[in-house]
Amino acid sequence: MKSGSNLEKILKAGHFAFTGEVGPPRGANVEALREKVSYLKGNVDMANITDNQTAMVRMSSWAASMICMQEGVEPNFQMVCRDRNRLAMQADILGAYAHGIRNMLCLSGDHQQFGDHPQSKGVFDLDSMQLIGMVKKMRDEGKFLGGADIDVPPQIFIGAAANPFAEPFEWRVHRLAKKVAAGADFIQTQCVFNMGRIRDWVSQANDMGLTDKIAILPGITPMKSVGMAKYMKNKVPGMDVPDEIIKRLQGVDKKKVADEGIKIACEQIEEFKEMKGVAGVHLMAIEWEHKVPEIAERAGVLPRPEV
Amino acid sequence: MIVAERKPFDEIKNMVSGYKKVLTVGCGTCVAVCLAGGSKEVETLNAELNLAFGKDKIEFGAETVERQCDMEFLEELDSKVDEYDALVSMACGAGIQFLAERFPNKPVFPAVNTSFIGVNLDVGWYEEKCRACGTCVLGLTGGICPVTMCAKSLFNGPCGGTNQKSCEIDKEQPCAWYKIHERLAGQGRLDQIIEISPPNDWSNQKPRKIIQPGYEERVKALGR
Ligand code: SF4
Ligand code: SF4
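Sequences listed follow chains A and B, in order. Going by my numbering, the residue at position 53 of the first sequence is 53; the numbering climbs one at a time, nothing skipped. In short: position in the second sequence from 1, add 1000, done, that's my numbering.
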């Protein structure tokens, strides 16, 4: 065991992992955060706690991770490269570990221009690849990036993101290979809507032997409305939403669109359960946390195994 | 070259108001090429200032030296500066500071915003190319700078936001890592970026000096 986190145990035991996501509040509204987390309790193996998502200031991800833990859900502490230099990153990793956090997701972070402080200085002292390597070095060698020994190194299960849809497509699997080489233990992908693409990408990863070394969890986001689908297609960088998805949502009665969105998500999850090289799925029900119990039920991933 | 753009007129006006005799100093090198601070721009600025203040309120003089980042050329101003009670520099930040160092008793005001190290795409059109990071990786990245051309200065890009061929920040801005891949693929050199680039040494985070080999003794003798 690298970290002994619940996610690591679930994967090691060969279960199909099911992870969720919670965005911390835009303030110190602990009650709102506890409520969001409560919908995930018992329904997911771990919840990602986002880090100043879309470059908007929120409660810090490690602090929200601790509240998540108090509520009985294992957190996945997200860390972006935009807001901290290597000193602050390592300090926060030690602090998070000291408080019981065992999973991390290493990300570049959305550019600061998208958020509510576009004048801020983006740090990007390290990039996400280098961050992965740093956490691995801290864990496996017990050394800081600068080379000094760590007095009780943090045992962290290291997560990374992948976008299997961006151009040039043939490069995507090599980027995954780089993340494996850097030391990532699991991958959560960009929201998947284009199943054809992800099938190809996973099969390339299988051919390169990468899926033996890393657990891949494709990202699932149920569409709430046609508007949301169009917005994601046209406005969110790096998102690949095929027209069929939009047509399918348009094809049902207005009141049934959200239900159809969940149906599509469940069909995707069913396919991933059978797909060689896929170890689970990551559900990003954005501002739809109260729907997670229903989605988990309909996706047939309950009850979550105790490990 | 160093690319700069003139500051908004009102900002310059506010800085010099209250002085009686002001010398506007242009620079004949980079800022002249990028049409921000050469002799022509000195003339234009002085004309605008004269119009705004009226000739009897503030008297504006004009001088343009070859390079403000070189004491040899600043020396030419020694005999002229005394009669002025403030200087406005239209050079880049380096030139402005050297002018201020040469005449430490005079207030020196910047008339341009020094913007970047870049290239001339066409007359009046410039693009940033280098952030002077101090550890150049262009040899690995197909001659495209990841520090400057990637909005997140990633050494192992692209990020998840890469959007067809564009950067996530703007459809009009090419994704540097898309271009790096494209160029290296064309040269059959993709192996260059399969290796992980280690954390960068940001040596541009402290004031830097360079003494070229063979000049150490000379520098010592100068005592600077
Ligand atoms: S890598 Fe550094 S030195 Fe080289 S072009 Fe980019 S910023 Fe300039
Ligand atoms: S989209 Fe490309 S250029 Fe823009 S930040 Fe990401 S990697 Fe850098």
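Even for Gly, the Cβ is constructed at its ideal location relative to N, Cα and C. The structure displayed is predicted, hence computed values, not measured ones.
beta-carbon residue 1138 of chain B near ligand 1 non-hydrogen atom, thresh 6 Å: Correct: residue 1138 of chain B has its Cβ closer than 6 Å to ligand 1.
Looking at chain B, which residues of the region 162 to 176 of chain A have a Cβ within less than 7 Å of any of its Cβ atoms? Residues of the region 162 to 176 of chain A with a Cβ closer than 7 Å to any Cβ of chain B, in chain order: 163, 166, 167, 168, 171, 174.
Just to check my reading of the structure: residue 1063 of chain B and residue 1099 of chain B have Cβ atoms closer than 8 Å, yes? What is that Cβ distance to the nearest angstrom? Not really, about 11 Å apart at Cβ, beyond 8 Å.
Please report the straight-line C-alpha distance between residue 106 of chain A and residue 1212 of chain B, rounded to a whole angstrom. If you take the alpha carbons of residue 106 of chain A and residue 1212 of chain B, they lie about 41 Å apart.
What residues match up with residue 1110 of chain B in a beta bridge as DSSP calls it? In the DSSP secondary-structure assignment, residue 1110 of chain B is bridged to B/1089.
Could you tell me whether any non-hydrogen atom of ligand 1 is closer than 6 Å to the CB of residue 1131 of chain B? Within 6 Å of the C-beta of residue 1131 of chain B there is at least one heavy atom belonging to ligand 1.
Could you tell me whether any non-hydrogen atom of ligand 1 is closer than 6 Å to the CB of residue 1150 of chain B? Relative to ligand 1, even the nearest heavy atom lies 6 Å or more away from the CB of residue 1150 of chain B.
With a cut-off of 8 Å, do at least 3 Cβ pairs link the region 1193 to 1209 of chain B to the region 147 to 167 of chain A? In short, these stretches do not touch, since the Cβ pair count stays below three.
Which residues mark the beginning and the end of the alpha helix (DSSP H) in which residue 242 of chain A is found? Where residue 242 of chain A is concerned, there is no enclosing alpha helix (DSSP H), given that its DSSP letter is neither H nor E.
Can you tell me where the beta strand (DSSP E) with residue 130 of chain A in it begins and where it stops? Where residue 130 of chain A is concerned, there is no enclosing beta strand (DSSP E), although the alpha helix (DSSP H) it sits in stretches over 128 to 136.
Under 9 Å between beta-carbons, which chain B residues line up against residue 182 of chain A? List them in chain order, please. Those within 9 Å of residue 182 of chain A in chain B are 1156, 1196.
Work out the CA separation of residue 124 of chain A and residue 284 of chain A for me, nearest whole Å. Residue 284 of chain A and residue 124 of chain A: Cα-Cα distance of roughly 25 Å.
List, from N- to C-terminal side, the beta strand (DSSP E) runs of 3 residues or more that fit wholly inside the region 1103 to 1182 of chain B. Within the region 1103 to 1182 of chain B, the complete beta strand (DSSP E) runs of at least 3 residues are 1108 to 1110, 1112 to 1122, 1125 to 1130, 1170 to 1174.
Contacting residues, own chain, Cβ-Cβ under 6 Å from residue 1069 of chain B (five flanking each side not counted): Taken in chain order, the residues that qualify are 1094, 1095, 1098.
Should residue 1145 of chain B be counted as a contact of ligand 1 given a C-beta to heavy atom distance under 6 Å? Residue 1145 of chain B Cβ: within cutoff of ligand 1.
Residue 279 of chain A to residue 222 of chain A, Cα distance in whole Å? Using only the alpha carbons, I get a separation of about 20 Å.
7 Å CB neighbourhood of residue 1148 of chain B in its chain, flanking five on each side removed: Once the five neighbours on either side are set aside, the close Cβ partners of residue 1148 of chain B are 1128, 1129, 1130, 1131.
Does the beta carbon of residue 111 of chain A come closer than 7 Å to any beta carbon on chain B? Yes, residue 111 of chain A lies at the interface with chain B (some Cβ there is under 7 Å from its Cβ).
What's the gap between the Cα of residue 255 of chain A and the Cα of residue 22 of chain A? Roughly 26 Å separates the two Cα atoms.
Are residue 70 of chain A and residue 50 of chain A closer than 7 Å when you measure CB to CB? Between residue 70 of chain A and residue 50 of chain A, the C-beta spacing is not below 7 Å.
Is any non-hydrogen atom of ligand 2 found closer than 6 Å to the C-beta of residue 62 of chain A, if you look at the structure I gave you? With a threshold of 6 Å, the Cβ atom of residue 62 of chain A does not count as near ligand 2, since no heavy atom of the ligand is closer than that.
Between the Cα of residue 1180 of chain B and those of B/1071, B/1142, B/1162, spot the shortest distance and give me the residue it belongs to. Out of B/1071, B/1142, B/1162, the CA that lies nearest to the CA of residue 1180 of chain B is found in B/1142.
Please look up how many angstroms separate the CB atoms of residue 156 of chain A and residue 102 of chain A, rounded, as I've assumed it's under 8 Å. Contact check for residue 156 of chain A and residue 102 of chain A: beta-carbon distance about 6 Å, within the 8 Å limit, so the pair qualifies.
In its own chain, which residues sit with a C-beta less than 6 Å from the C-beta of residue 1003 of chain B, not counting the 5 before and 5 after it? Around residue 1003 of chain B: 1034, 1115, 1116, 1118, 1126.
Hey, residue 163 of chain A and residue 277 of chain A: beta-carbon distance below 7 Å or not? Contact flag unset, no.
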